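Each number in the working numbering comes from the position in the sequence shown (counting from 1) with 28 added on. Here a beta-carbon is modelled for each residue, glycine too, at the ideal position from N, C-alpha and C. The structure displayed is predicted, hence computed values, not measured ones. First the structure, in the form of structure tokens, and then the observations on it.
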Amino acid sequence: MLFHKEIRKPILALIFISLGGWMLHFRVHSITAHTVNFLPFLLGLVDIVITPVLFNYRKTVIVAYLINGIGVIIGSIAMAVFSIYRLAEPVTLSSILFKTILSDIFILLSKLFIGQLILSYYYPTGLGRLFTPFWWVRHFCYLSIIFAAGHFLWR
Numbered sequence: 029m030l031f032h033k034e035i036r037k038p039i040l041a042l043i044f045i046s047l048g049g050w051m052l053h054f055r056v057h058s059i060t061a062h063t064v065n066f067l068p069f070l071l072g073l074v075d076i077v078i079t080p081v082l083f084n085y086r087k088t089v090i091v092a093y094l095i096n097g098i099g100v101i102i103g104s105i106a107m108a109v110f111s112i113y114r115l116a117e118p119v120t121l122s123s124i125l126f127k128t129i130l131s132d133i134f135i136l137l138s139k140l141f142i143g144q145l146i147l148s149y150y151y152p153t154g155l156g157r158l159f160t161p162f163w164w165v166r167h168f169c170y171l172s173i174i175f176a177a178g179h180f181l182w183r
């Protein structure tokens with residue numbers, strides 16, 4: 029088998045979550061409708077095919093973990109912005125929970141925890157201050173600020 033026995037199930041879970049998200053995204057945003065949808069289509073293929081292979085080797089697990097994590101952050105930010113722009117008035121808890129793509133964001137966030145599980149197989153004691161939950165929250169905030177600045181400066 030291609031993957032180490034100890035991490036086979038988490039890698040397969042990562043593949044299936046990525047494949048499901050890619051298929052859902054392709055169904056909603058077809059690349060034949062707009063050429064701008066080609067980049068998420070291509071990055072989804074990378075997430076399904078290349079990232080799991082990188083997770084299988086100790087030398088490349090950190091690269092795979094970063095690709096996975098940054099993809100989760102960028103995808104979460106993009107989906108949140110998409111939901112906020114299409115949020116219907118009046119804004120209620122019910123409309124936030126059931127009329128946005130918050131559930132899709134939660135599914136995407138599970139990839140971060142699966143990646144953490146695979147990383148902990150190779151580095152059971154951790155990597156110090158790198159890749160802790162605070163590290164990811166901090167980088168989520170950084171990328172959110174960059175995205176917001178780009179949105180407001182280059183409308």
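Among the options, nearest to residue i - alpha-carbon criterion
i           : options               : result
residue 40  : 61, 79 and 114        : 79
residue 159 : 113, 152, 139 and 144 : 144
residue 109 : 64, 133 and 167       : 133
residue 48  : 33, 60 and 75         : 75
residue 86  : 150, 131, 33 and 107  : 150
Environment of residue i [buried if 16+ CB atoms lie within 10 Å]
i           : result
residue 42  : buried
residue 181 : exposed
residue 116 : exposed
residue 93  : buried
residue 38  : buried
residue 97  : buried
residue 124 : exposed
residue 35  : buried
residue 95  : buried
residue 99  : buried
Three-state secondary structure (DSSP) of residue i
i           : result
residue 158 : strand
residue 59  : coil
residue 118 : coil
residue 153 : coil
residue 84  : coil
residue 33  : helix
residue 164 : helix
Host alpha helix (DSSP H) of residue i (start-end)
i           : result
residue 50  : 36-56
residue 149 : 130-150
residue 96  : 89-113
Near the ligand SAH: residue i beta-carbon under 6 Å from a heavy atom
i           : result
residue 145 : This structure simply doesn't include the ligand SAH, nor any ligand for that matter.
Open item on the list: Counting beta carbon pairs with one atom in the stretch 67-82 and one in the stretch 46-53, are three or more of them shorter than 8 Å?
Closed with: Because the criterion of three Cβ pairs below 8 Å is met, the stretch 46-53 and the stretch 67-82 touch.
- [ ] Mind the definition here: the stretch 169-179 touches the stretch 144-154 only if three or more C-beta pairs lie below 8 Å; say whether that holds.
- [x] With fewer than three CB-CB distances shorter than 8 Å, the stretch 169-179 does not count as touching the stretch 144-154.
Open item on the list: Tell me whether the stretch 98-105 and the stretch 128-144 touch, counting them as touching only if at least three CB pairs, one residue from each stretch, are closer than 8 Å.
Closed with: Segments in contact, yes.
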